[in-house]
Amino acid sequence: MLLTTIDQIKTITVVGAGTMGHGIAHVAATSGATVRLFDAMHGASAAGIAKIAANLAKGVELGKVSPADRVATLARLVAVEVLEDACAGTDCVIEAVPERLDLKREIFGIVDQAAPAHALLATNTSSLPVGEIAECLGRPARLVGMHFFNPVHVMKLVEVVHHKAADQGAVMLAVALAQKFGKTAITVQDSPGFASSRLGIVIGLEAMRMVEQGVASAADIDTAMKLGYGHPMGPLELTDLVGLDVRLGIANYLAEALGEGFAPPEILRAKVLANQLGKKSGEGFYRWGADGKRIG
Ligand code: NAD
């Protein structure tokens, strides 16, 4: 039987230690849970924990995290090199591997066998149908979408996605977990792109078309949305932060699911082909230094 109260979630497994996975591990450990971080790439989990350590150190510097909390949070994090070991005896598994349906289904096939029957399962997909991921499980009812935002330790929203076969108890548990992580949760039905990606990508893709057509520079388009509409970050800077490959994957999927209005512009395809993936590769619509600061 699935856990019924949030206090029963003491151990959390995060699968995938990239941009999102290490952030989810960060907020989970900060909330008091013991966190196991697994990544298929050798050493990636340890690298993820090193990034969390750096973010916590910055938090201490800024007076947002106490030195004692930093030490305690880091002590709750462990890198695990085998997925089955990371899932054994856990109370919750949150998956953050690349945005591919086949890959997510493969991972949850293993997780379903290796994690106890009481464990809540969640996918951090930004757009894929959660119901189709759940189909590969013995008990699809215990999987929900938990869509976090980047950078996870800063952004306050989690979209909890409710697919048709999901247990209402699993949805409520995911909402409570998001709150325990210090986030505000909204619940959305399992519709392509949910609430946030569907809307956010429209602005992002249109901004790219405008750069392509020479309407204005990336910096001026971003400034327009920041100063004219009060967005904290422009759509192209946000695309660099999210990852151009991630946004291309979402656009391709939404174009198929919702129509050609979501088709990715040529400039996005070309930049991804050239490995200009945004902040993580050092170049996207802007150039980024190794310290993560914009240099052009
Ligand atoms: P990423 O490429 O930064 O990280 C993915 C990690 O998964 C990598 O470290 C990779 O080594 C690992 N991985 C690959 N195959 C694996 C496997 N079989 N088992 C375990 N680990 C494996 O990607 P990301 O940006 O963190 O995106 C992860 C998920 O989060 C995607 O579904 C994406 O759509 C979603 N998401 C991304 C953002 C964003 O801003 N980047 C925001 C919200 C949601």
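The numbering of the sequence shown is my numbering, which starts it at 6 and goes up by one.
Ideal Cβ positions, reconstructed from N, Cα and C, are used throughout, including at glycine.
About 7 Å separates the beta carbons of T95 and I17, which is inside the 8 Å limit, making them a contact pair.
A contact is defined here as three or more CB-CB pairs under 8 Å, and the stretch 250 to 263 meets this definition with respect to the stretch 194 to 202.
The DSSP assignment places 88 to 92 and 106 to 119 as complete runs of the alpha helix (DSSP H) inside the stretch 80 to 126, in order along the chain (cut-off: 4 residues). With a threshold of 16 other beta carbon atoms within 10 Å, G209 meets it and is buried.
At a threshold of 8 Å, E261 does not count as near the ligand NAD, since its beta carbon sits no closer than that to any of the ligand's heavy atoms. Comparing alpha-carbon positions, the option among N60, L178 and A124 lying closest to A30 turns out to be N60. A distance criterion of 8 Å places the beta-carbon of A183 beyond contact range of the ligand NAD, judged by its closest non-hydrogen atom. Linking V19 to H123 through their CA atoms gives a straight-line distance of about 16 Å.
The beta carbons of L246 and G301 sit about 16 Å from each other, so the pair does not count as a contact at 8 Å. Out of A49, D225 and S222, the CA that lies nearest to the CA of E86 is found in A49.
Taking a C-beta distance under 9 Å as the contact criterion, A183 and V163 qualify as a contact pair.
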